[in-house]
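Structure first, then comments.
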Amino acid sequence: METLNIKGMIKNKHLSKAIAQQGLYEFKRQLQYKCEFYGIKFIEADKWYPSSKTCSECGHKKTKLSLSERTYICEECGAVIDRDLNASINLSRYSA
1 METLNIKGMI KNKHLSKAIA QQGLYEFKRQ LQYKCEFYGI KFIEADKWYP
51 SSKTCSECGH KKTKLSLSER TYICEECGAV IDRDLNASIN LSRYSA
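Heads up: the sequence shown runs through residues 1 to 96, numbered per the UniProt record's numbering.
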């Protein structure tokens, strides 16, 4: 699971209402509980881990990636993948 910078996200006027309505703390607590119940190791990625900026194919890291860019296009290997899918692949490979 990715650690999110909630305070920073609330400062964004476009995200603040949606973020404030989410029970992210409760979701994380329940997820930790379920992992423990089923014997699964819960790993929380550092909030500065560049899961969205790193290519899941070759590992190249983009220096800039705006929130409006929904497709990740690697400048090194040319991979084209949905930004969220790319981040989820990188997070699945993350180990603390």
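All residues carry an ideal CB built from backbone N, CA and C; glycine is no exception.
Note on S51: 16 or more other CB atoms within 10 angstroms of its CB, so buried under the neighbour-count rule. Counting the other CB atoms within 10 Å of its CB gives T71 a total below 16, which places it among the exposed residues. Taking the Cα of N86 as reference, the smallest distance to any Cα among D46, E36, T63, K53 is reached at K53. Between the C-alpha atoms of W48 and K41 there is a straight-line separation of about 21 Å.
In the three-state scheme derived from DSSP, where H, G and I count as helix and E and B as strand, D82 is classed as strand.
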